[in-house]
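Undergrad: Just passing along the structure, written as structure tokens.
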Amino acid sequence: MDDQGGMLWFLINVVFVVVLGAAIAWGTMRWRRRRTDAAARAERDRATVQSYRDSDQNTAR
Numbered sequence: 001m002d003d004q005g006g007m008l009w010f011l012i013n014v015v016f017v018v019v020l021g022a023a024i025a026w027g028t029m030r031w032r033r034r035r036t037d038a039a040a041r042a043e044r045d046r047a048t049v050q051s052y053r054d055s056d057q058n059t060a061r
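Position 21 of the sequence shown, counted from 1, bears residue number 21 in UniProt numbering, the numbering being contiguous throughout.
Below you can see the structure in the form of structure tokens.
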């Protein structure tokens with residue numbers, strides 16, 4: 001029973017941190033390798049411009 005504190009510390013401070021770091025690294029690699037064709041870029045840019053316009057209309061009151 002006395003060793004549970006040490007094992008819990010190891011689990012939280014080592015294992016969870018390593019798993020979190022691996023998940024962040026995996027997500028970053030997936031994000032960089034994503035495919036973006038011209039249509040997807042155009043739609044993203046259109047949505048961004050629309051979002052900026054909507055934001056400007058809401059703050060200009």
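Note that beta-carbon positions come from the ideal geometry of N, C-alpha and C, so glycine has one too. Please read these numbers as outputs of a predicted model, since none were measured by experiment.
Give me the Cα-Cα distance between V19 and R44, rounded to the nearest whole angstrom.
TA: Rounded to the nearest angstrom, the two C-alpha atoms are 32 Å apart.
Undergrad: Rounded to a whole number of angstroms, what is the C-alpha to C-alpha distance between D37 and N13?
TA: Each residue's alpha carbon lies about 41 Å from the other.
Undergrad: State the DSSP-derived secondary structure class of D37, mapped to helix, strand or coil.
TA: It is coil, neither helix nor strand.
Undergrad: Are the C-beta of F16 and some C-beta of chain E separated by less than 8 Å?
TA: Included in the structure is just one protein chain, with no chain E present.
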